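*Asks:*
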Amino acid sequence: MRAFNPGWYQQYSWVEYSTIKDSMYCYACRHFGRRGAGVHQETAFTVNGFSTWVKAQKTLQTHNVSTVHRYAMAAWAEFKIRRDAGSRICNALDEGHSKAVRENREYMKAIVEALRYTACQGIALRGHREGEESSNRGNFLEFLHSVSKFNTTVAEKMANCAQNAKYTHHTVQDEVIALMAKMLRDQISSDVRDAGMFALLVDESRDVSKKEQVSVVVRYLRGDGVREDFLHFTPADGLDAESLLALIKNTLTKCNINYKQCIAQCYDGAAVMSGANSGVQERFRREVPQALYVHCHAHRLNLVLTDCVGKIQTAADFFASVQILHNFFSSSIVHNVFLQKQKELEPLKPPLELKSLSETRWACQYTALLAIKKTLPAIHATLQALISQQGARLRTKAKSIMALLDGQFVLQLTLFEDVFRSTKFLSDTLQSPNLDYSSALDLVESVSASLSEKRNETSLADISDKAQALCAKTGINTHVQDSLLVFSRNSSLTHRQGNGNHLPHCKISGDTVTTMSLMN
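Just so it is clear: in the sequence shown, position 472 is 498 by our numbering, and no numbers are missing.
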């Protein structure tokens, strides 16, 4: 034989052949043979290669049974065993790693969802005590506990993970919330840039720590309509126009929004914001000329209502009485009796709470008046119970409060509840993100016309009838039906005396209806 015989591959598993050198080698001896001094080396099958084909068959048989070769074959076999075992271990490790990753991701999804839920609902994350012995560990942990009842992965993580691997620490909560906020701001910024223009809405408010916080909102057009999105609360280091302008520009820049694309700016009427010479709006327009300033209509409405009530002594006294009523019924003893009387008089309805007034949010006045109107019988019954049962100090206060609930109070309650129902709707609508300027103007004119229509004998007689019905339902001993309320020629609301018991004289200046001049 004068060439390599491919049949040797089948006969000897260790044979390998080099076509370049036309030589045969032993794979086992080349890779697993003994090395070192004193070890016999068969260089023909490891280094030089064997190519004496006429002696190949006999040489292959001799090499196959040699001690050196047999050792190499044993080492090769051992290597294959270790390799196969190692592969199984690696596969097991890979599978375990993949499972751990899946479980960790599932657990983190529950963490993020709990934080997203509490953030969207505006509720506190942490509880007063968060230990295992606590019956209520706060909204965040209780949410996760509820999820764990239906998710074995979350249950196992919460039960067995190390404390620093549960991701429930407040620093982790803050970090995740910050990441979610950044994702939202990035999306809003992208939408604003795609729109190519936007309107800016800014207002400031003092938080519980007495720190002024400036809120920045952008209004822009997206494919699904007009959007109003909150960007940031930023503490105000200075309340002068220059500082506030720098704060607004820095906030927009940090959110990757080009303030040069602003086409409108909307603030309240404070001089530092609306000043025509050096206010924020004027300073901003010097840099962005197309950014027209619009005085917030909701603030203007609030200013009109505040001015009206402040100039009418009767109205001011009435709202002072409303606040006194709320303060008195907020005490625990009175509050408990009040709730009990509501349950006795209206067993099928949930009890209502009296609302406090707000000097800056006149939309709240309507809810306060409505709560009093709905619960006036229970208020009257509560005062009667306190006068007949409680101690001298509380009885004296209850008597003074009872003295406020006369016919004039009921008449004013009915009148202002009717007026503020219209202005409440206007205030809410003016704050709607979907409202446009022309619709706002139409709505203001509509409410003005509605208020004007109330200045006639028919409307006032209707208010008088409603007040009489409320007096009868409550048990207040005043006969409203003998009273006729009319507008005199000087646009004053006067009381025309009749026979019998009457509502006390009530005069409300025509200034009450200056709400008709909301746009002036």
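Using N, Cα and C, we set each Cβ at its ideal position, and we do this for glycine too.
Owing to the predicted nature of the structure, the values given are computational and were not obtained by experimental measurement.
Comparing C-alpha positions only, which one of I502, R253, S49 and T277 sits nearest to L430?
*Replies:* I502
*Asks:* For T304, name the three-state secondary structure that DSSP assigns.
*Replies:* One point to set straight first is that residue 304 is Ser, not Thr, in the sequence displayed. Of the three classes helix, strand and coil, the one that applies to S304 here is coil, per DSSP.
*Asks:* Can you give me the C-alpha to C-alpha distance between A407 and G164, rounded to a whole angstrom?
*Replies:* Looking at the two C-alpha atoms, the distance is approximately 39 Å.
*Asks:* Taking the continuous beta strand (DSSP E) assigned at H154, which residues delimit it?
*Replies:* Where H154 is concerned, there is no enclosing beta strand (DSSP E), given that its DSSP letter is neither H nor E.
*Asks:* Using the DSSP secondary-structure output, state which residues sit across from M18 in a beta bridge.
*Replies:* Summary: the structure shown does not reach residue 18, with the chain confined to residues 27 through 546, and so no result is reported for it.
*Asks:* Does the distance from the CB of K280 to the CB of F354 come in under 8 Å?
*Replies:* no
*Asks:* For L477, tell me which candidate among S458, F446, A495 and L456 has the shortest Cα-Cα distance.
*Replies:* F446
*Asks:* According to DSSP, simplified to helix, strand and coil, what is H195?
*Replies:* coil
*Asks:* With a threshold of 16 other CB atoms inside 10 Å of the CB of V80, please say whether the residue is buried or exposed.
*Replies:* exposed
*Asks:* To the nearest whole angstrom, what separates the beta carbons of W34 and A54, a pair I think is in contact under 8 Å?
*Replies:* Not quite, the Cβ-Cβ distance comes to about 14 Å (not below 8 Å), so this is no contact.
*Asks:* Hey, out of H154, L378 and E182, whose CA is closest to A126's CA?
*Replies:* The shortest Cα separation from A126 among H154, L378 and E182 belongs to E182.
*Asks:* In whole angstroms, give me the CA-to-CA distance for G372 and L437.
*Replies:* The residue asked about is misnamed: residue 372 is Glu in this sequence, not Gly. So the alpha carbons of these two residues sit roughly 23 Å apart.
*Asks:* Pull up the distance between the alpha-carbon of I289 and that of M206, whole angstroms please.
*Replies:* 29 Å
*Asks:* On a CA-only basis, which of S215, L167, A495 and E254 is nearest D462? Give me that one, please.
*Replies:* E254
*Asks:* Since F345 and L383 are thought to touch, with beta carbons under 8 Å apart, how far apart are those beta carbons, to the nearest angstrom?
*Replies:* 6 Å
*Asks:* Hey, how far is the Cα of N516 from the Cα of E483?
*Replies:* In this prediction, N516 has a pLDDT of 37, which is less than 50 and means its spatial position is unreliable; what the coordinates show is noted afterwards. The alpha-carbon atoms of N516 and E483 are separated by roughly 14 Å.
*Asks:* Skipping 5 residues on each side, what residues in its chain have a beta carbon closer than 6 Å to that of L270?
*Replies:* V306
*Asks:* Secondary structure at L327, three-state DSSP: helix, strand or coil?
*Replies:* helix
*Asks:* When DSSP labels each residue in this structure, what does A290 get in the three-state scheme?
*Replies:* strand
*Asks:* If you drop the 5 nearest sequence neighbours on each side, which residues of the same chain put their C-beta closer than 7 Å to that of R211?
*Replies:* L257 and C281
*Asks:* Where does H57 land, buried or exposed, given buried means 16+ other C-beta within 10 angstroms?
*Replies:* exposed
*Asks:* Which runs of the beta strand (DSSP E) at least 3 residues long sit entirely within the segment 127–172? Give them in chain order.
*Replies:* none
*Asks:* Taking 6 Å as the limit between beta carbons, can you name the residues of its chain near L365, skipping five residues before and five after?
*Replies:* P377
*Asks:* Given that a residue counts as buried once 16 or more other Cβ atoms are within 10 Å of its Cβ, and exposed if not, what is A225?
*Replies:* buried
*Asks:* How many Å lie between T520 and R232 at the Cα?
*Replies:* Because T520 carries a pLDDT of 42, less than 50, the predicted location of this residue cannot be relied on, and no value is offered for it.
*Asks:* Can you find the residues in the same chain that come closer than 6 Å, C-beta to C-beta, to A341, ignoring five residues on each side of it along the sequence?
*Replies:* V335
*Asks:* Start and end of the alpha helix (DSSP H) containing D233?
*Replies:* It is not in any alpha helix (DSSP H) - D233 carries neither H nor E in the DSSP assignment.
*Asks:* Determine the DSSP secondary structure at P373, reduced to helix, strand or coil.
*Replies:* coil
*Asks:* To the nearest whole angstrom, what separates the beta carbons of F76 and M50, a pair I think is in contact under 8 Å?
*Replies:* 5 Å
*Asks:* Taking the C-alpha atoms as reference points, what is the distance between V173 and S426?
*Replies:* 53 Å
*Asks:* Determine the burial state of P530: buried for a count of at least 16 other Cβ atoms within 10 Å of its Cβ, exposed for fewer.
*Replies:* Per-residue confidence for P530 stands at a pLDDT of 37, beneath the threshold of 50, marking its modelled position as unreliable; the derived number appears in the next sentence. In the assembly as shown, P530 is an exposed residue. Its beta-carbon has fewer than 16 other beta-carbons within 10 Å.
*Asks:* Could you tell me whether the Cβ atoms of E168 and N177 are closer together than 8 Å?
*Replies:* no
*Asks:* CB E317 to CB R311, shorter than 8 Å?
*Replies:* Per the sequence shown, residue 317 should be read as Ala rather than Glu. Against a cut-off of 8 Å, the Cβ pair of R311 and A317 comes out as a contact.
*Asks:* Please report the residue range of the beta strand (DSSP E) in which E254 lies.
*Replies:* G251 to P261
*Asks:* Looking only at DSSP bridge pairs, what is L227 linked to?
*Replies:* V243 and C292
*Asks:* Distance check for F435 and I398, CA to CA, integer angstroms please.
*Replies:* 11 Å
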